[in-house]
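Here is the structure we will look at, set down as C-alpha cells.
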Amino acid sequence: MAGIWNLFRKSPFGPVQEHMKRVVETAHYVTHLFDALIADDQVKVAEHARHLSNLEGEADTVKNEVRDHLPKSVFMPVARGDLLRHIGTQDAIADCAEDLGVLLTLRKMTVPEWMAPLLRDYVTEVLKAVDLAADIVAELDVLVEASFGGPEADRVMKMVSELNLAEHMADKVQDQIAKALFAHEDTMKPVAVFMWSKIFNKIGDLANHAENVGDRIRLFIART
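Heads up, the final residue of the sequence shown is numbered 278 in my numbering, and it's a clean run with no missing numbers.
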C-alpha cells in the first residue's frame, strides 16, 4: 500500500502507469513462449507458461492494491469509476497473455514449418499495438498538466489513431495466418485446427485489449 501511495504523490496516474509496465512485461513474455513452441521444446513451453502466470499475478497485485486502497476522497482528474475501469482494461492484456500460456499447455502443439514465420509476424504486430497503448498511458501526466486539452490532447488523440491502425494491421496478419491454416487443414488433425484457431484468436485479443486502452483514454479526453 505504501508503494501505491508514493506513486500517487508523484503523479495522479502513477499507479496506473506502474500497472501498465507490469502488463507490457507480461505481454512481451509471450515471445519466449512461442519461440519455445516453434523450437518444439515442450519443457520450455511449460516453464514459460508458469512464468507468464507469475508475471500476470504481479500485475494483479498492483491492480488490486489500487482498487482496494483508492479512497473516494482522493482528487483525481478523471472519475474514480472511469479510472478503475481503465485499470481493468489494461489488466485484460495481462490476463490474455496468461491465457495463451494455458492454451499452449493443454495439449502438445506442433508448429508446421509454413506457420512459423507467419506466427512470429503475427505476435510482432500484436505487440506493436500493446507498446503503443503503453506509450499513450505514459502520456497521462502530460494530459493532466494540459487539463486534457490543447495540443497535448491532440497529440495523444493522434497516438490513439495510430493504435487503432496497429490493431487493424494485426487483424490483417490474423486473417493471413487463418487463411493459411485452413489451406493446410487437410494435412492436420481437426483438433489441431481447432486449437490453432483458438490460439490465433487469443493472440489477436492482446491487440484488441490494447486498442480498448487507447479508447478509454480517448474517453478521458472527451469527458474532461
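Even for Gly, the Cβ is constructed at its ideal location relative to N, Cα and C.
A Cβ-Cβ distance of about 5 Å is found for the pair GLU152 and LEU106, placing them in contact under the 8 Å criterion. Taking all protein chains in view, the Cβ of PRO244 is surrounded by fewer than 16 other Cβ atoms within 10 Å, so the residue is classified as exposed.
In the three-state reduction of the DSSP assignment, HIS105 falls in the helix class, which pools H, G and I.
Under the three-state reduction of DSSP output, GLU167 falls in the coil class, being neither helix nor strand. From the listed residues ARG104, ILE271, ARG272 and VAL184, the smallest Cα separation to LEU157 is found for ARG104. Excluding the 5 residues flanking it on each side, THR85 has same chain C-beta neighbours closer than 7 Å at VAL177, in chain order. In this structure, the CA atom of GLY258 is about 12 Å from the CA atom of LYS182. Boundaries for LYS243: no alpha helix (DSSP H) harbours it, and the DSSP string shows neither H nor E there.
For GLU167 and PRO205, the gap between their C-alpha atoms comes out near 48 Å.
Per DSSP, VAL156 is one residue of the alpha helix (DSSP H) stretching across 134-160. Residue range 84-92 is occupied by the alpha helix (DSSP H) that includes PHE88. Burial of VAL78 is indicated by the presence of at least 16 other C-beta atoms within 10 angstroms of its C-beta.
Straight across, the Cα-Cα distance linking LYS256 with ASN108 is about 19 Å.
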